[in-house]
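Peer 1: So for the sequence shown, the UniProt record's numbering puts the first residue at 1; every next one is plus one. The beta-carbon is built from N, C-alpha and C at its ideal position, and this holds for glycine as well. Structure incoming, see below.
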Amino acid sequence: MAKTISKDIDKLLALHAQATKVLSQTPKFTSEETYKRSKKRDHEGTIIGNNDKKQLKKTKVTLPKNSGNIIKNGTPVAAKTPKSKDPEENWILATVVGYRADIKQYEVEDADKDEASNRPGERFTVLAKNVIEIPNPGEMQLPEFPTSHLVFALFPSTTCFYRAFVVTPPSKLTPKSKSPRYKLTFEDDGNAERLVDSQYVLDVPKENP
């Protein structure tokens, strides 16, 4: 009887020691590493921090020919970040704050604000060819893309644009919402279906595979 109790105690002590070792190896995060809203997503569709080292598939976009019209200040756009700012050159949601006609570059402000200080997003310049105007549904009738159409859309809860396919266009989506929305499946997102406001769903030319 005493030997059995002794063996049980030894097993409990061994389990406790193992648990203590596992807990001691659990990484501890500083305030700089804790969650904050980011412009990016991981392959499972969750949001990742600005300092996360995961690599995302780079989005390649062939833009339609520029109409030649200068985009007005205050207009929301999709802008390709310069490699000096972002090695992955992600396309992000931004606002036009200026235009240099001599070098054909826009100055834009990142929509991703600094939550800690509540300061506006970073400003940077980008070539006009790397800026896509976000349509205003109040000023124009937006085209409706059919099911399976390849689009360029803002991933929910982020400020980054990615390629996606239309599952259900606004006219066929039920129940109806106050603002038109698409149901989409994004590339590298595990076939998850996500809702995106129609103004943030842009066309991608057919020549872009």
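1) Would the segment 106-126 count as touching the segment 167-179 if we require 3 or more Cβ pairs under 8 Å?
2) Would you list, in sequence order, the uninterrupted alpha helix (DSSP H) runs of no fewer than 4 residues that lie entirely inside the UniProt domain "SGF29 C-terminal" (67-209)?
3) Output the distance between the C-alpha atoms of Asp-110 and Arg-123, rounded to the nearest integer angstrom.
4) Could you check whether Ser-198 and Glu-133 sit closer than 9 Å to each other, using their CB atoms as the reference points?
5) If you draw a straight line from the C-alpha of Leu-89 to the C-alpha of Pro-76, how long is it?
6) Just to confirm before moving on: does the CB-CB distance between Val-96 and Lys-72 stay below 9 Å?
7) I need the straight-line Cα distance from Leu-154 to Leu-93, nearest angstrom please.
8) How long is the line joining the alpha carbons of Asp-203 and Val-131, rounded to whole angstroms?
9) Assign Ala-192 to one of two classes, buried (16 or more other C-beta atoms within 10 Å of its C-beta) or exposed (fewer than that).
10) Just tell me which of Asn-136, Phe-186, Pro-135, Pro-156 has its CA closest to the CA of Leu-150.
11) State buried or exposed for Leu-184, treating a residue as buried only when at least 16 other CB atoms are found within 10 Å of its CB.
12) Check whether the Cβ atoms of Thr-135 and Arg-194 sit closer than 9 Å, and answer yes or no.
13) How many Å lie between Ser-84 and Ser-177 at the Cα?
14) For Pro-82, which residues from the same chain have a beta carbon less than 7 Å from its beta carbon, with the 5 sequence-adjacent residues on both sides left out?
15) Taking only the alpha-carbon atoms, compute the straight-line gap between Lys-113 and Tyr-106 and give it to the nearest angstrom.
16) With distances taken Cα to Cα, identify the nearest neighbour of Phe-152 among Tyr-162, Gly-74, Trp-91.
17) Tell me the rounded alpha-carbon separation between Ala-78 and Gln-141.
18) By the 10 Å Cβ neighbour count, where 16 or more other Cβ atoms means buried, how is Thr-147 classified, buried or exposed?
Peer 2: This is what the structure holds:
1) no
2) none
3) Taking the first residue of the sequence shown as 1, we reach residue 110 at position 110. Taking the first residue of the sequence shown as 1, we reach residue 123 at position 123. Cα to Cα, Asp-110 sits roughly 6 Å from Arg-123.
4) Counted from its first residue, the sequence shown places residue 133 at position 133. Counted from its first residue, the sequence shown places residue 198 at position 198. No. Outside cutoff.
5) Here the question's residue 89 lines up with position 89 in the sequence shown. Here the question's residue 76 lines up with position 76 in the sequence shown. In the sequence under discussion, the amino acid at residue 89 is Glu, which differs from the Leu named in the question. Near 18 Å, if we compare the C-alpha coordinates of Pro-76 and Glu-89.
6) Looking up residue 96 in the sequence shown gives position 96. Looking up residue 72 in the sequence shown gives position 72. Against a cut-off of 9 Å, the Cβ pair of Lys-72 and Val-96 comes out as a contact.
7) Looking up residue 154 in the sequence shown gives position 154. Looking up residue 93 in the sequence shown gives position 93. Going by the C-alpha atoms only, they are around 8 Å apart.
8) In the sequence shown, the residue the question calls residue 203 occupies position 203. In the sequence shown, the residue the question calls residue 131 occupies position 131. In a straight line, the C-alpha of Asp-203 is about 13 Å away from that of Val-131.
9) If you number the sequence shown from 1, residue 192 lands on position 192. Ala-192 comes out exposed.
10) Counting from 1 along the sequence shown, the entry for residue 150 is found at position 150. Of Asn-136, Phe-186, Pro-135, Pro-156, the residue nearest in Cα terms is Phe-186.
11) Along the sequence shown, one-based indexing puts residue 184 at 184. Buried.
12) Numbered from 1 along the sequence shown, position 135 holds the residue referred to as residue 135. Numbered from 1 along the sequence shown, position 194 holds the residue referred to as residue 194. The question names Thr, but residue 135 is Pro in the sequence shown. Contact flag unset, no.
13) Counted from its first residue, the sequence shown places residue 84 at position 84. Counted from its first residue, the sequence shown places residue 177 at position 177. Distance between the alpha carbons of Ser-84 and Ser-177 is about 40 Å.
14) Start at 1 with the first residue of the sequence shown, and residue 82 comes out as number 82. These residues qualify, in order along the chain: Phe-124, Val-126.
15) For the purposes of this step, residue 113 is identified with residue 113 of the sequence shown, where counting begins at 1. For the purposes of this step, residue 106 is identified with residue 106 of the sequence shown, where counting begins at 1. In a straight line, the C-alpha of Lys-113 is about 19 Å away from that of Tyr-106.
16) By one-based count along the sequence shown, residue 152 stands at place 152. Comparing Cα positions, the closest option is Tyr-162.
17) Your numbering for residue 78 matches position 78 in the sequence shown. Your numbering for residue 141 matches position 141 in the sequence shown. The straight-line gap from Cα to Cα measures roughly 19 Å.
18) In the sequence shown, counting from the first residue as 1, residue 147 sits at position 147. So Thr-147 ends up on the exposed side.
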